[in-house]
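J.:
There are 2 protein chains.
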Amino acid sequence: MIFNLDLESEVPIYQQIVDAIIYGIATRQLKPGEPLPSVRSLSADIGINMHTVNKAYQILKNDGFVLIHRQKGVMVNTELPGVEPSFLEKLHADLKNLTAEAICRGLSREALVEQVQKIYQQMMDERRG
Amino acid sequence: MIFNLDLESEVPIYQQIVDAIIYGIATRQLKPGEPLPSVRSLSADIGINMHTVNKAYQILKNDGFVLIHRQKGVMVNTELPGVEPSFLEKLHADLKNLTAEAICRGLSREALVEQVQKIYQQMMDERRG
DNA sequence: CAACTGTTATATAATATGTATAACAGAGAT
DNA sequence: ATCTCTGTTATACATATTATATAACAGTTG
């Protein structure tokens with residue numbers, strides 16, 4: 001599992017960790033049941049504070065992507081969350097904002113849809129390759 | 001122009017204003033050349049501070065969505081910005097995160113694409129209706 | 001017992017967000 | 001000229017978020 005963090009980004013570090021792990025699960029670089037590094041080892045590896053990693057893990061736990069056993073550690077959930085209403089709300093709100101700006105800038109529906117298709121396909125290819 | 005702001009949201013107020021105006025331009029509720037309310041009148045209308053509105057206007061100005069004349073006021077740019085690399089970068093990054101979570105949750109490519117198509121179409125319908 | 005888990009607590013610093021108040025410069029209206 | 005309206009700038013303040021630092025606790029494993 002490779003973390004490509006940008007400490008200068010406006011995106012919080014803990015959010016970048018959350019995104020990276022969800023991406024890893026989507027592409028099956030991280031498989032259900034697979035253990036994740038401990039908060040201490042991961043924070044030491046990427047040179048940040050323990051609590052920043054812990055915050056990311058707590059978010060992933062609350063969203064159902066990982067299971068945390070207090071002594072055993074953290075692992076990818078064997079039963080990943082489904083398409084819940086809260087996710088659909090976030091998806092719709094984000095897509096609405098992106099689409100509005102795309103329309104203002106003259107990006108065609110076909111070009112936008114193609115982008116989504118391409119990203120989805122690339123992720124599914126990584127899943128097998 | 002209707003602003004539906006949520007002061008309890010985790011999304012900053014100035015960002016909600018930016019999103020609302022870009023949405024208004026996309027749906028042509030706001031037309032190129034049309035004047036926007038002054039920072040003072042808008043902030044008074046929605047009951048927030050002048051600087052919060054000003055911050056939103058500055059962002060829209062830097063992105064090319066509005067023109068600001070120091071004495072005349074703010075208006076929608078008659079030459080809206082095109083599909084610039086910085087926008088494509090943001091679009092790709094956001095779509096990547098949304099798609100990764102969608103895949104984890106078992107949302108099919110068809111369902112995701114349909115969402116995008118639907119949102120795009122609804123916005124183009126508002127543009128005419 | 002020692003080493004490792006996640007968890008909790010406290011403290012500190014920097015940044016982001018939002019408000020409050022005031023002043024400035026330029027344009028237009030009366 | 002005076003008044004009012006623009007955006008702009010400055011200062012100050014309060015709060016929340018982000019990130020770090022250090023320490024301790026409880027339970028498991030070797």
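Protein chains in written order, with my numbering: chain W, 1 to 129; chain P, 1 to 129. Don't be surprised by glycine CBs; every beta carbon is placed ideally from N, CA and C. Small disclaimer: the values here were computed from a predicted structure and weren't measured.
1. Taking the Cβ atom as the reference point for each residue, do L91 (chain W) and A102 (chain W) lie within a distance shorter than 8 Å?
2. Just list the residues that DSSP pairs L67 (chain W) with in beta bridges.
3. Is the beta carbon of M1 (chain P) closer than 8 Å to that of G33 (chain P)?
4. Using only the alpha-carbon positions, how far apart do L107 (chain P) and A26 (chain W) sit?
5. Which residues, taken in chain order from the segment 76-87 of chain P, show a beta carbon closer than 7 Å to some beta carbon of chain W?
6. When the cut-off is 8 Å and only beta carbons count, does A56 (chain W) lie next to chain P?
7. Could you tell me the distance, in whole angstroms, from the CA atom of V18 (chain W) to the CA atom of L60 (chain W)?
8. Shorter than 8 Å from the beta carbon of Y120 (chain P) to some beta carbon of chain W?
9. From the DSSP output, in three-state form, read off P35 (chain P) for me.
10. Residues in the same chain with beta-carbon distance under 8 Å from T52 (chain P), minus the five sequence neighbours each way, listed in chain order, please.
11. Whose Cβ in chain P lies nearer than 7 Å to the Cβ of N97 (chain W)?
12. For chain W, check one thing: does any of its Cβ atoms lie closer than 8 Å to the Cβ of D94 (chain P)?
13. In its own chain, which residues sit with a C-beta less than 7 Å from the C-beta of Q58 (chain W), not counting the 5 before and 5 after it?
T.: Looking at the atomic coordinates:
1. The residue given as residue 91 (chain W) occupies position 91 in the first sequence. The residue given as residue 102 (chain W) occupies position 102 in the first sequence. No, Cβ-Cβ distance for L91 (chain W) and A102 (chain W) is not below 8 Å.
2. One-based indexing of the first sequence puts residue 67 (chain W) at position 67. Paired residue(s): W:M75.
3. Locating residue 33 (chain P) in the second sequence gives position 33, where the first residue counts as 1. Locating residue 1 (chain P) in the second sequence gives position 1, where the first residue counts as 1. No, the Cβ-Cβ distance between G33 (chain P) and M1 (chain P) is not below 8 Å.
4. What you label residue 107 (chain P) is simply residue 107 of the second sequence in a count that begins at 1. What you label residue 26 (chain W) is simply residue 26 of the first sequence in a count that begins at 1. Spanning the two alpha carbons is a distance of roughly 11 Å.
5. Of all residues in the segment 76-87 of chain P, only L80, P81, G82, V83, F87 place a beta-carbon less than 7 Å from a beta-carbon of chain W.
6. The residue labelled residue 56 (chain W) in the question sits at position 56 within the first sequence. Cβ-Cβ to chain P under 8 Å: no for A56 (chain W).
7. As a first step, residue 18 (chain W) must be located in the first sequence, where it is residue number 18. As a first step, residue 60 (chain W) must be located in the first sequence, where it is residue number 60. V18 (chain W) and L60 (chain W): Cα-Cα distance of roughly 7 Å.
8. Taking the first residue of the second sequence as 1, we reach residue 120 (chain P) at position 120. At least one chain W Cβ lies under 8 Å of Y120 (chain P).
9. Taking the first residue of the second sequence as position 1, residue 35 (chain P) is located at position 35. For P35 (chain P), the three-state secondary structure derived from DSSP is strand.
10. By 1-based counting over the second sequence, the position of residue 52 (chain P) is 52. Here the set comprises I13, Y14, I17, S43.
11. Reading the first sequence from its first residue, position 97 is the one you call residue 97 (chain W). Going along chain P in sequence order, the residues near N97 (chain W) (Cβ under 7 Å) are D19.
12. As a working mapping, residue 94 (chain P) is identified with position 94 in the second sequence. Closer than 8 Å: yes.
13. Locating residue 58 (chain W) in the first sequence gives position 58, counting from the first residue. So the list is empty, once near-sequence residues are dropped.
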